[in-house]
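Enquirer: Below are the structure tokens for one structure; questions will follow.
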Amino acid sequence: MPKRIITSIQAIGHRVIDSIWRLGRAARFFALVLLKSTTSFLRFSLVIREIYFVGVLSLIIILVSGLFVGMVLGLQGYETLQKYGSESAVGTLVALSLVRELGPVMAALLFASRAGSAITAEIGLMKATEQLSAMAMMAVDPVARVVAPRFWAGVISMPLLAALFSVLGVFGGYLVAVVFIGVDEGSFWSSMQNAVDFRYDIVNGVIKSCFFGVTVTAIAVFEGFDAPPTAEGVSGATTRTVVTSALAILGLDFVLTSFMFRGVD
Amino acid sequence: MSAPLIEIKDLAFSYNTRPILRSVNMTMPRGKVIAIMGGSGSGKTTLLRLIGGEIKPTAGYVKVADQVVHKLSRNDLFKLRRKMGMLFQFGALFTDLSVFDNVAFQIREHTNLPESMIRDLVLMKLHAVGLRGAYHLMPAELSGGMARRVALARSIALDPMLIMYDEPFTGLDPISLSVIGSLIRRLTDALGMTSIVVTHDVQESLKIVDYVYFLADGVIAAHGTPQEVKDSVTPFVHQFVHGEEDGPVPFHYPADAYQEDLKLENHFA
């Protein structure tokens, strides 16, 4: 029995040490990506191509989700606010929820599932099929040529996708509250205009989505590059990208929110 | 006589504590096709990776064109690699690029040639491997043999001085196998390159190579010209060349006694 306990403790110890090593590798890799980003900016066409894959191809899921989230917010907001006779404030509720929280967070979660997993799978498969080794043997650095353009494409796409998510969300809220339910259009828009502050709400939302873009894309490229070169390894890495990104987004959201919105004007 | 292109001296390499290569010595002259043969896990691919500078030796050195590979800075190593080509086991073509763009990849990355000249160069390289007509296809549309020929065209894109082939014959039908074999020989002669072929395929490679090294247990077990190899009475070489099931390389992986493993008791004793 004591031997079994010792083995279990050793196994836990190994896992902890492995995790710390992995974290260290990830930090070094992230620094390397930043160092090798010059190529991405000198040959911006490489980044544009990746923006198409990670950004443009994510548009459908982002726009449709934004629309439905906004519609649900409009419906639920009206349901609650009309009990207090404040249904005209539904525009404020929809806009603030989307711009401050749901826009950046939901868009980042969807981005991690749609584009993050694709980046990991692509880089992992390139490694498994020796494409990265072939590139290195041709004297072309895979981090500069493959990883950095994907990283910057993700960083640039994320705030734009989050903004589009919020825009479609507001439109969804308008559809439900004004067009379907009949809330006064003037008070819907004016309450929104009065309540939403550009610096305090919109800029903070954009800052959040920039942080999420860096986090999700950094996780995705690292998991792909670090994946064991087997089918099982790549599938495991893809799963880890989605799970780790989701946890990182939610954790980071709390930290950023606590710095940005403390209830003090 | 000119200096050899590759000189390997007392080369050793270990993964963690497991030795893969132990004191390997070789010289490879320019303009020749040299085969490195040996069973699976004998260290052949590791040797290629050491020559290409992907990994560093634990002892000894590899010299390519008078430069000790593992002592080169990253920039110098990349400069040296521009003069090397490598054909990976399954081609390792970039799956998001067409055949044309795969062959053009290295030219675009390392030169400032105009697109019209790149087009001519790529079509010439594809013509050399018989696939000029397939320039517009994607890698997923190619057979195994075609993919390897495209990879070969890609590896000669910048007219390297050295090409390394990692198991170029694996998984090919007899026609593709013979085509790849003759292409290796013809391109080596036509472009004045040196070729190193890591392979299991004894019969095909003995037809095209100038010299053979046999690796076993991380050391050179034998070496010689193809004729010397065919006539060899060394037990390991004889077993390998004739594909015999048992010999110095045993059929069974080391294990406990069979009876003990099956927990059989001798009731008839």
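Protein chains in written order, with our numbering: chain D, 34 to 298; chain G, 25 to 293. Note that beta-carbon positions come from the ideal geometry of N, C-alpha and C, so glycine has one too.
Just to confirm my understanding: we take D:S150, look at its own chain, exclude 5 residues before and 5 after, and list those with CB closer than 7 Å. What are they?
Expert: The answer, listed in chain order, is T271, T274, V275.
Enquirer: Assign D:W185 to one of two classes, buried (16 or more other C-beta atoms within 10 Å of its C-beta) or exposed (fewer than that).
Expert: Label assigned to D:W185: buried.
Enquirer: Closest to G:L29 by CA distance: which of G:P53, G:I180, G:G248, G:G84 is it?
Expert: When each option's Cα is compared against that of G:L29, the closest is G:P53.
Enquirer: Mind listing the chain G neighbours of D:V173? Cutoff is C-beta to C-beta under 7 Å, in chain order.
Expert: Here the neighbours are E133.
Enquirer: Closer than 7 Å, CB to CB, is G:Q91 near chain D or not?
Expert: No, G:Q91 lies away from the interface with chain D (no Cβ there is under 7 Å from its Cβ).
Enquirer: Specify, as a first and last residue, the run of the alpha helix (DSSP H) that D:M304 falls within.
Expert: Outside the shown range of chain D, which is 34 to 298, sits residue 304 of chain D, and nothing can be said about it.
Enquirer: Quick one: is G:G76 near chain D, going by C-beta distance under 7 Å?
Expert: Yes, G:G76 counts as interfacial toward chain D.
Enquirer: Applying the 10 Å Cβ sphere with the 16-neighbour rule, what's the burial state of G:V57?
Expert: Buried, since its Cβ has 16 or more Cβ neighbours within 10 Å.
Enquirer: Taking the alpha carbon of D:A64 as the point to measure from, which residue in D:V267, D:A210, D:A177, D:V203 has its own alpha carbon closest?
Expert: With distances taken between Cα atoms, D:A64 lies closest to D:A177.
Enquirer: Do D:G107 and D:A210 count as a contact pair if the criterion is CB distance below 7 Å?
Expert: Yes, Cβ-Cβ distance for D:A210 and D:G107 is below 7 Å.
Enquirer: Considering G:P43, what are the terminal residues of the alpha helix (DSSP H) in which it resides?
Expert: Where G:P43 is concerned, there is no enclosing alpha helix (DSSP H), although the beta strand (DSSP E) it sits in stretches over 42 to 52.
Enquirer: Which residues of chain G have a Cβ atom closer than 9 Å to the Cβ of D:Q299, listed in chain order?
Expert: With chain D covering 34 to 298 only, the question about residue 299 of chain D has no answer from this structure.
Enquirer: Taking the alpha helix (DSSP H) that D:V176 belongs to, which residues open and close that run?
Expert: Element bounds for D:V176: n/a, residue is neither H nor E.
Enquirer: Quick one: list the residues of chain G neighbouring D:A253, beta-carbon separation under 9 Å, in chain order.
Expert: Going along chain G, no residue has its Cβ under 9 Å from D:A253, so there is no contact; the nearest lies around 17 Å.
Enquirer: From G:G154 to G:H224, what does the alpha carbon distance come to, in whole angstroms?
Expert: Their Cα atoms are separated by approximately 25 Å.
Enquirer: Check each candidate in D:V249, D:F62, D:V87, D:L126 and name the one with the smallest Cα separation from D:N227.
Expert: Comparing Cα positions, the closest option is D:L126.
Enquirer: If you run the structure through DSSP and keep just helix, strand and coil, what is G:F238?
Expert: Looking at G:F238 - three-state DSSP - the assignment turns out to be strand.
Enquirer: Hey, D:M191 and D:A128: beta-carbon distance below 7 Å or not?
Expert: Against a cut-off of 7 Å, the Cβ pair of D:A128 and D:M191 comes out as no contact.
Enquirer: Please report whether the beta-carbon of D:E163 lies at a distance below 7 Å from any beta-carbon of chain G.
Expert: Yes, its Cβ sits closer than 7 Å to a Cβ of chain G.
Enquirer: Using a Cβ-Cβ distance cut-off of 7 Å, determine whether G:R173 contacts chain D.
Expert: Judged by the 7 Å Cβ criterion, G:R173 is not in contact with chain D.
Enquirer: Using a 10 Å radius around the Cβ and a threshold of 16 neighbouring Cβ atoms, would you call D:S278 buried or exposed?
Expert: Its Cβ being crowded by 16 or more others within 10 Å, D:S278 is buried.
Enquirer: Nearest-angstrom Cα distance between G:Y159 and G:L150?
Expert: Distance between the alpha carbons of G:Y159 and G:L150: 7 Å.
Enquirer: Touch check for the segment 106 to 113 of chain G and the segment 160 to 172 of chain D: three-plus C-beta pairs under 8 Å?
Expert: Result yes; three or more Cβ-Cβ pairs closer than 8 Å.
Enquirer: Suppose the cutoff is 7 Å on Cβ atoms and the five residues either side in sequence are ignored; what does the same chain contact list for G:S38 look like?
Expert: I44, T82, listed in sequence order.
Enquirer: Is there a Cβ of chain D sitting closer than 7 Å to that of G:Q263, yes or no?
Expert: Answer no: the Cβ-Cβ gap between G:Q263 and chain D never drops below 7 Å.
Enquirer: State yes or no: is the C-beta of D:T153 within less than 7 Å of the C-beta of D:G257?
Expert: Yes, the pair counts as a contact, with Cβ atoms nearer than the cut-off.
Enquirer: At the 7 Å Cβ level, is G:A128 part of the contact set with chain D, yes or no?
Expert: Judged by the 7 Å Cβ criterion, G:A128 is not in contact with chain D.
Enquirer: According to DSSP, simplified to helix, strand and coil, what is G:A36?
Expert: DSSP places G:A36 in strand when its eight states are reduced to three.
Enquirer: Is it true that the CB of G:K80 sits closer than 7 Å to the CB of G:H94?
Expert: Yes, they are a contact pair.
Enquirer: Since G:M108 meets chain D, which of its residues come closer than 8 Å, beta carbon to beta carbon?
Expert: Under the 8 Å cutoff, chain D gives M170.
Enquirer: On the three-state DSSP scale, how would you describe G:E31?
Expert: Reduced to three states, the DSSP call for G:E31 is strand.
Enquirer: Mind the definition here: the segment 140 to 148 of chain D touches the segment 228 to 237 of chain D only if three or more C-beta pairs lie below 8 Å; say whether that holds.
Expert: With a cut-off of 8 Å, the segment 228 to 237 of chain D and the segment 140 to 148 of chain D do not count as touching, because too few Cβ pairs lie within range.
Enquirer: Would you call D:V49 buried or exposed, if buried means 16 or more other Cβ atoms sit within 10 Å of its Cβ?
Expert: That one is exposed.
Enquirer: Identify every residue that forms a DSSP beta bridge with G:D190.
Expert: DSSP, once it has assigned bridges, lists G:V222 as partnering G:D190.
Enquirer: Return the first residue and the last residue of the beta strand (DSSP E) that G:M61 is part of.
Expert: Segment 57 to 61, the beta strand (DSSP E) holding G:M61.
Enquirer: Tell me the DSSP secondary structure of G:G109 in three-state form.
Expert: Three-state DSSP puts G:G109 in a strand.
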